[in-house]
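Working notes, structure below.
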Amino acid sequence: MKHLTSIRELDRDQALGILNLAEELAQVNARDVKKLPTLRGKTVVNLFYENSTRTRVSFEIAATRLSADVINISSEVSSVTKGESLKDTVQTLEALGAAAIVVRHPNSGAPKQLAEMGWVGSSIINAGDGSHEHPTQALLDAMTIRQLFAADDLTGLSVLIVGDLSHSRVARSNILLLRLLGAEVLIAGPAELVPEEMTAMGAKRFNELDQALAESPNVVMMLRVQKERMSNQFASEREYSKDWQLDSKRLGSLPSSSWILHPGPMNRGLEISAEAADDPRSAILRQVANGVSVRMAVLHTLLAADA
Ligand code: CP
Numbered sequence: 023m024k025h026l027t028s029i030r031e032l033d034r035d036q037a038l039g040i041l042n043l044a045e046e047l048a049q050v051n052a053r054d055v056k057k058l059p060t061l062r063g064k065t066v067v068n069l070f071y072e073n074s075t076r077t078r079v080s081f082e083i084a085a086t087r088l089s090a091d092v093i094n095i096s097s098e099v100s101s102v103t104k105g106e107s108l109k110d111t112v113q114t115l116e117a118l119g120a121a122a123i124v125v126r127h128p129n130s131g132a133p134k135q136l137a138e139m140g141w142v143g144s145s146i147i148n149a150g151d152g153s154h155e156h157p158t159q160a161l162l163d164a165m166t167i168r169q170l171f172a173a174d175d176l177t178g179l180s181v182l183i184v185g186d187l188s189h190s191r192v193a194r195s196n197i198l199l200l201r202l203l204g205a206e207v208l209i210a211g212p213a214e215l216v217p218e219e220m221t222a223m224g225a226k227r228f229n230e231l232d233q234a235l236a237e238s239p240n241v242v243m244m245l246r247v248q249k250e251r252m253s254n255q256f257a258s259e260r261e262y263s264k265d266w267q268l269d270s271k272r273l274g275s276l277p278s279s280s281w282i283l284h285p286g287p288m289n290r291g292l293e294i295s296a297e298a299a300d301d302p303r304s305a306i307l308r309q310v311a312n313g314v315s316v317r318m319a320v321l322h323t324l325l326a327a328d329a
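Residue numbers (the working numbering): 23 to 329.
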């Protein structure tokens, strides 16, 4: 495997292979000296055209722990502001020695285009492209769910994904990966924010959050409302919260054995109440921590073969 731009590039064994490797690497991350020599001499470039906290920092930590050299570039401080194209930018980075380029881009399909056009020999990793996919987020979510239920694959588990599904690259990658690993996927959100394609991907749709919660899903994944990607699809925060927030009342109806996930960043008080975010059943910070091990596993898988 040279690139990771979509969960569609993985079969079940490859996905489980990355998750199993991430578990091994999590043991390294629990040591005092959290370092392996695997990628010594290689350079990983984080090229971010959109803001990020979790993904960028965890890729940086992951590459550093594998002894790679890491360079972070954001579009605001690069020659992109002078009009340099994505193609010229990545070719420049490869000429500077990048073995892998981790790309976050507002255009859906940009990382896939880079991987397929053959403009560079570097490995391309999708760190979130528009509303399309965020494969390493889905992998860290699957790692978290496997840990929470001491499961190998996710057969027999149900995961409810709630909220602004249409703008969510996290939801698209999660539906693909959760289904690949055997989970049942339920979705619920406002009619204007639930695309038809998601039922075609195998998700079971509910028109009301309370109806979906009555199914007692093992995991409830709340999604951020992405107002920055909306034009007129969002009328009122009050209405949205009333219908779609995981609030204290809905939290009370959630089985004690269910877990709450959120990819972050959270809009506390909009899609998720502070009580839900901080509830003992919230595994949100565990997701963040697992991001380092999963991204180490992805870098290891793509780059270590010829290390
Ligand atoms: N989940 C996620 O992608 O968060 P960041 O935007 O902070 O990277």
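Every residue, glycine too, gets a C-beta built ideally from N, C-alpha and C. No experiment lies behind these values; they were computed from the predicted model shown.
Problem set entry | Thr177, buried or exposed, once every other Cβ within 10 Å from all chains shown has been counted against 16 | Reading the sequence shown from its first residue, position 155 is the one you call residue 177. Thr177 comes out exposed.
For this session: Please go through the region 104 to 129 and give each complete beta strand (DSSP E) segment of 3 or more residues, from N-terminal end onward.
Result: 120 to 127
Exercise. With a CB to CB cut of under 6 Å and the five nearest residues on each side skipped, what residues in its chain are close to His127?
Worked result: Numbered from its first residue, the sequence shown carries residue 127 at position 105. Taken in chain order, the residues that qualify are Tyr71, Asp151.
Exercise. Can Leu321 and Ala44 be called in contact, C-beta distance under 8 Å?
Worked result: For the purposes of this step, residue 321 is identified with residue 299 of the sequence shown, where counting begins at 1. For the purposes of this step, residue 44 is identified with residue 22 of the sequence shown, where counting begins at 1. No, these two residues do not count as a Cβ contact at 8 Å.
Exercise. Taking C-beta to C-beta, are Gly313 and Met244 nearer than 8 Å?
Worked result: Translated into the one-based positions of the sequence shown, residue 313 becomes position 291. Translated into the one-based positions of the sequence shown, residue 244 becomes position 222. The answer is no: Cβ separation not under 8 Å.
Exercise. Less than 7 Å between the CB of Glu156 and some heavy atom of the ligand CP, yes or no?
Worked result: In the sequence shown, the residue the question calls residue 156 occupies position 134. Inspection of the sequence shows that residue 156 is occupied by His rather than by Glu. Answer for His156: yes, Cβ within range of the ligand CP.
Problem set entry | contact_flag[the region 162 to 176, the region 134 to 144] where n(CB pairs < 8 Å) is 3 or more | no
For this session: Pair every Cβ in the region 280 to 298 with every Cβ in the region 231 to 243, then say whether three or more of these pairs are closer than 8 Å.
Result: yes
Problem set entry | Under the three-state DSSP convention, the category Leu176 falls into | Taking the sequence shown and counting its residues from 1, one reaches residue 176 at position 154. In this structure, Leu176 counts as coil in the three-state DSSP scheme.
For this session: Starting from Leu321, follow the alpha helix (DSSP H) in both directions and report where the run begins and ends.
Result: As a first step, residue 321 is located in the sequence shown; it is residue number 299 there, counting from the start. First-last of the alpha helix (DSSP H) with Leu321: 306 to 325.
Problem set entry | Val207 vs Leu187 beta-carbon contact at 8 Å | Translated into the one-based positions of the sequence shown, residue 207 becomes position 185. Translated into the one-based positions of the sequence shown, residue 187 becomes position 165. For Val207 and Leu187, no; Cβs fall outside 8 Å.
Exercise. Hey, out of Leu199, Ala85, Leu182, whose CA is closest to Gln233's CA?
Worked result: Mapped onto the sequence shown, residue 233 falls at position 211. Taking only the C-alpha atoms, the option nearest Gln233 is Leu182.
Exercise. For the alpha helix (DSSP H) that Phe81 lies in, which residues bound it at each end?
Worked result: For the purposes of this step, residue 81 is taken as residue 59 along the sequence shown, with counting starting at 1. Residues 76 to 87.
Exercise. What residue range is occupied by the uninterrupted alpha helix (DSSP H) comprising Glu297?
Worked result: Residue mapping note: residue 297 aligns to position 275 of the sequence shown, counting from 1. Its alpha helix (DSSP H) spans residues 296 to 299.
Exercise. For Gly150, which of helix, strand or coil comes out of DSSP?
Worked result: Position 128 of the sequence shown, counted from the first residue, corresponds to residue 150. It is a strand residue.
For this session: Can you grab the Cα-Cα spacing for the pair Trp223 / Leu200, in whole Å?
Result: As a first step, residue 223 is located in the sequence shown; it is residue number 201 there, counting from the start. As a first step, residue 200 is located in the sequence shown; it is residue number 178 there, counting from the start. It is worth fixing the name first, because residue 223 is Met in this sequence and not Trp. Taking the straight line from one Cα to the other gives about 11 Å.
Exercise. How many Å lie between Val124 and Ile146 at the Cα?
Worked result: Along the sequence shown, one-based indexing puts residue 124 at 102. Along the sequence shown, one-based indexing puts residue 146 at 124. Using only the alpha carbons, I get a separation of about 6 Å.
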